[in-house]
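Per numbering that gives the first Met the number 0, residue 0 is the first one in the sequence shown, and the count goes up by one each step.
To keep things clear, I will list the structure first and then write my remarks on it.
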Amino acid sequence: MTSTSANRHDAPTQTAPPLLWGRNSLPVPYAAAWSGEVPAVGAALTIREDGSGLAYRDERALDRDRHGVLWARLTEAPGVGRPVFRSLHSHRQRRAMLGMLCQVCGAPAGRTARGWLFLLQQPGPGEQPAHWPEGALSAKPPVCAPCARLALRYCPHLTVPLALRVRKPRVWGVFGGLVTPGVGGALVSSPNDECLPYGHPAARWFLASQLVLELRHCRAA
Ligand SMILES: [Zn+2]
0 MTSTSANRHD
10 APTQTAPPLL
20 WGRNSLPVPY
30 AAAWSGEVPA
40 VGAALTIRED
50 GSGLAYRDER
60 ALDRDRHGVL
70 WARLTEAPGV
80 GRPVFRSLHS
90 HRQRRAMLGM
100 LCQVCGAPAG
110 RTARGWLFLL
120 QQPGPGEQPA
130 HWPEGALSAK
140 PPVCAPCARL
150 ALRYCPHLTV
160 PLALRVRKPR
170 VWGVFGGLVT
180 PGVGGALVSS
190 PNDECLPYGH
200 PAARWFLASQ
210 LVLELRHCRA
220 A
């Protein structure tokens with residue numbers, strides 16, 4: 000992960016200015032979803048011919064990631080409709096995670112010798128795992144320093160934020176839901192979404208919507 004990130008860090012990056020929204024013309028995060036971006040899974044899902052897992056009827060190479068996990072299809076149309084600030088668009092979220100791009104502006108995330116910059120919401124009292132944030136799982140891409148300041152000021156979801164430097168973010172798995180054959184062979188979606196590590200046997204019946212990183216070698220920024 001780290002070497003891949005470092006290589007991609009030098010790759011050409013987003014140059015489009017952020018889309019603005021509302022009376023105060025606030026920048027809409029690059030990775031935020033828009034209401035005009037709609038799921039395109041529908042009746043396209045099926046069971047593989049050999050019965051070994053989930054597939055699309057008209058599956059394309061881009062429908063699966065390099066670990067073989069199927070991803071939910073979603074149209075991509077930033078700027079169409081209204082921004083949905085609480086939700087990240089799965090393609091842009093994955094792009095930002097794999098390329099270590101800032102989730103707000105889409106440019107390379109902040110990086111120093113102490114690591115990549117992440118903003119996390121602190122768990123509530125009694126919910127904090129031992130050693131947190133070391134080893135924390137995150138579906139939120141990193142940020143750059145100017146956007147971190149912006150997010151701390153305007154993001155309503157960061158009520159108790161913690162800025163972290165993460166030296167070794169590692170691709171851990173996916174967030175999404177199980178879709179399994181029910182009675183009569185019809186596919187049934189699990190009611191709750193969850194995180195699943197890559198390599199898990201259930202991955203072949205999983206429809207991913209976010210990439211999940213494990214944050215290792217963390218320090219408060
Ligand atoms: Zn930024």
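Cβ atoms here follow ideal geometry from the backbone N, Cα and C, with glycine treated the same way.
Residue 33 and residue 143 have their C-alpha atoms some 22 Å from each other. A contact is defined here as three or more CB-CB pairs under 8 Å, and the segment 40-59 fails this definition with respect to the segment 209-218.
Taken in chain order, the complete alpha helix (DSSP H) segments of 4 or more residues contained in the segment 70-129 are 89-98. With a threshold of 7 Å, the Cβ atom of residue 106 counts as near ligand 1, since some heavy atom of the ligand is closer than that. Distances taken from the Cβ of residue 200 to the heavy atoms of ligand 1 include none shorter than 7 Å. Judged by DSSP secondary structure, residue 148 falls within the alpha helix (DSSP H) whose first and last residues are 144-153. DSSP places residue 196 in the strand class (E or B) of the three-state scheme.
Three or more Cβ pairs drawn from the segment 197-213 and the segment 65-72 lie within less than 8 Å of each other, which places the two stretches in contact. Annotation for residue 194 indicates a beta carbon at 7 Å or more from all heavy atoms of ligand 1.
Taking C-alpha positions only, residue 166 is separated from residue 139 by approximately 16 Å. If you ignore the 5 residues before and after residue 180, its C-beta comes within less than 7 Å of the C-beta of 46, 186, all in its own chain and listed in chain order.
With the rule of 3 Cβ pairs closer than 8 Å, the segment 123-136 does not count as touching the segment 95-115. Annotation: residue 18 is outside any beta strand (DSSP E) and is labelled neither H nor E by DSSP. Ranked by Cα distance from residue 36, the options 84, 42, 60 are led by 84. Placement of the Cβ of residue 142 at a distance of less than 7 Å from at least one heavy atom of ligand 1 is found. Exclusion of the five residues before and after residue 164 leaves 113, 114, 218, 220 as the residues of its chain whose Cβ lies within less than 6 Å of its Cβ.
When 193, 198, 153 are compared, the shortest CA-CA separation from residue 28 is found for 153. Checking the 7 Å criterion, the Cβ of residue 154 is out of range of every heavy atom belonging to ligand 1. For the options 178, 60, 39, 184, the alpha carbon positioned closest to that of residue 192 is the one of 178. Under DSSP, the beta-bridge partners assigned to residue 172 are 196, 211. Inter-residue distance for residue 209 and residue 195 is about 11 Å (C-alpha atoms, whole angstroms).
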